[in-house]
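Below is one structure; the comments refer to it alone.
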Amino acid sequence: MKHFKLKIRVTFLGMLMILIVFSCQDINLEDQQSEALVDLRSAVAGKYIVTLHSNEINFQKNGKYEDVQSWMRQLSNEVLFRNGIKNKEAINVYGYAFNGFSVDLNASEIELLNKDKGVKQIILDQSTGEQLNLRNNNPRRGGGDEPTPEQDPEPAPDIKPEWYLDRIAQRQLPLNGKFESNSTGAGVTVYMVGLPVSEELKEIFGERANNVDLTVGKDSVPEGFLSVGILKAAVLGGNKYGVAKGVNIVGLETIYEGVDISVDLYLKPLEWIMANGKRPGIVLFPGIAFKPGGELEDLLEKTIGKLFDDGFSFFANGWQGEHRCDLLPSKLNSVFTVGASSFDDRMVQSSSGSCIDLFAPGINYFKEGFPEYPILENLDKNFDNPASLAAGVAALYLEDKSNADPQEVYDFLFETSTKDVVRFSSSINNHLLYSGLDTIGAGEIDPKRNTYAFDLEASALKNRNNNYTVVFYWGKIESESGMLNVYQDGEGVGSVPNGGSYMINVSGRDLSPRTYKFCVPKTNLCSNEVVVSFN
């Protein structure tokens, strides 16, 4: 095949924000075989989650959370002491999600605990191995040699900071400067996992924001996490900036200065919700992703499943431009995953896959900050906020449907979403969140959408003397050769670099419409067909 001559090649880059990916290797210590002992001897010292058999529990777990915590801490430390581990204490303890505790152990201590008949599992906790610090996330402040990413297009000057509310309140562009809702989310509580929210910002939240310190006596919350928590809460339920202006917000703070971010720090808030959470309730995850595998995944999945069965909805963000559907928590049917879109309804720095339930605006939140709180620079590029919008709309729905179960909440958000509008989503559900709480004007799902692998758009621009420029845009798709084959009216006519956009020149008088399709070479992965008219 011949190659079209390259005219323009455009790439779309996003801002890398906060992604925490844990590799879920684990050690099964229930088996006393020699192979397991070899693994134990080679284990790297670190933090482990120790689960206990139920016969170890000799108290009622229907008491106050603080009492159960005290009893479990005493029991956990007794388990360590009776096995000769006298210089260690439990870090976090669990009595609702499961029976157990987290603790720092070396290989010899693991072997000692493995011989205890009361110990059920010893699971290696997973962390980034880094101390997450968001104070230096602005490229202009130094902190790395990475090139400055290409910025997303700026909004029109007349777009207000609340443009994201404006967008989800209407079916189609352009924006009309309005966000109206008869519901406020009153009586609904949203629990933010791991992230704090400031109770002092009454101008933003009134008396509806509360913070629960689960850091076990630690203090000094990283500045970045406080900014992210306040921003998410403001988008979710701020008096002026939020979707659900009457929702209650509880920040479940587990992260402190210098700590390694680990699964244990996200299990801890879920444990608290099991003991203290009120329905109707929503759980909002931060931008985290776990690689699947082993007992650690099972522990997290079962914990989420228990809360789901108890009536709590879960919301997570699908961002960072990777396939999300083989990662936790998005791979779970019990979690509603929301991708990020931009001003022109184009997918922006978002994950792809069938687990993306819908999209919501994901850029330029409070670009200039907001007067009540000086958020860190560049958090307006935080793609971690679409799930906050969806959780806010869920709260509006639950205000009048307080007995709705989580699946009913998810189904409602999907049914009321504006169908088939998010461009280049690389996801079958290219629908946009809608706050109107009805299906009027929602549109129809494209019945052919599951038959093509990526989105293609094309249009013809007329030049002089019957000359036209055909402009192509397409969604991300991998190609081993770096090229895509081009089909015009069903026949192969060449190939183009897989760069996301391309231009070709066409000349002629009274040209008939032409149909184009792009395909990945040596595969059956093709785009949708587009018809280009020459007027």
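Once you know that position 276 of the sequence shown is 276 in UniProt numbering, the rest is easy, because the numbers rise by one and skip nothing. All C-beta atoms in this analysis are idealised placements derived from N, C-alpha and C, irrespective of residue type, glycine included. Note that the structure is predicted; figures quoted are calculated from it, not measured.
When secondary structure is reduced to three states using DSSP, Pro386 falls in the helix class.
Taking Phe179 as reference, the option from Leu389, Ser527, Gly500, Glu478 with the minimal CA-CA separation is Leu389. Take the alpha-carbon of Glu297 and the one of Leu328: they are about 8 Å apart.
In terms of CA proximity to Leu525, Gly475 leads the group Ala360, Val348, Gly475, Gly508. Within its own chain, the residues whose Cβ lies closer than 8 Å to the Cβ of Glu444, once the five positions on either side in sequence are excluded, are Lys419, Asp420, listed in chain order. For Gln126, the secondary structure class from DSSP, reduced to helix, strand or coil, is coil.
Per the DSSP secondary-structure output, Ser341 pairs in a beta bridge with Met347, Pro361. A direct Cα-Cα distance of roughly 18 Å separates Leu165 from Phe315.
The bridge partners DSSP lists for Glu457 are Tyr473. DSSP places Tyr452 in the coil class of the three-state scheme, outside both helix and strand. For the pair of segments examined, the segment 495-502 was found to touch the segment 472-486: the number of CB pairs separated by less than 8 Å reaches three. The straight-line gap separating the alpha-carbon atoms of Thr303 and Glu491 is approximately 53 Å.
Bounds of the alpha helix (DSSP H) holding Leu165 are 163-168. For Lys47 against Ser262, the beta-carbon gap comes to about 6 Å, under 8 Å, which counts as contact. Contact between Lys268 and Leu214 holds, since their C-beta atoms are separated by about 5 Å, short of 8 Å. Of the candidates Val393, Ser330, Glu478, the residue whose Cα lies closest to the Cα of Gly436 is Val393. Rounded to the nearest whole angstrom, the C-alpha separation of Leu195 and Phe101 is 21 Å.
Counting of Cβ neighbours within 10 angstroms places Thr254 among the buried residues, the total reaching 16 or more. Excluding five sequence positions before and after Gln488, the CB atoms of its chain that fall closer than 8 Å to its own CB belong to Arg514, Thr515, Tyr516, given in chain order. Cβ atoms of Thr189 and Gly281 come within 8 Å of each other, at about 5 Å. For Val506, the uninterrupted beta strand (DSSP E) segment begins and ends at 501-507.
Annotated three-state conformation of Asp420 is coil, per DSSP. In the DSSP annotation of this structure, Phe205 is not part of any beta strand (DSSP E); the continuous alpha helix (DSSP H) holding it starts and ends at 202-205. Taking C-alpha positions only, Pro286 is separated from Ala233 by approximately 11 Å.
Taking C-beta atoms as the reference points, Asn429 and Leu358 count as a pair closer than 8 Å. Within the DSSP bridge table, the entry for Phe366 names no partner. Nearest neighbour of Pro386 by Cα position, chosen from Tyr410, Leu433, Ser402, Tyr397, turns out to be Leu433. Closest in C-alpha terms to Lys448, from the list Val228, Ser527, Phe98, Leu124, comes Ser527.
Distance between Val228 and Ser402, taken at the CA atoms: about 28 Å. In this structure, the alpha-carbon of Gln349 lies about 25 Å from that of Gly238. If you ignore the 5 residues before and after Asp400, its C-beta comes within less than 6 Å of no other C-beta in its own chain. Counting only residues of its own chain and dropping the five nearest sequence neighbours on each side, Phe59 has a CB closer than 6 Å to the CB of Trp71. According to the DSSP assignment, Pro269 belongs to the alpha helix (DSSP H) that extends over 264-276.
Assignment of beta-bridge partners to Ile356 by DSSP yields Thr337. Every beta strand (DSSP E) of 3 residues or more that sits fully in the segment 275-313 is shown, in chain order, as 281-284, 288-290.
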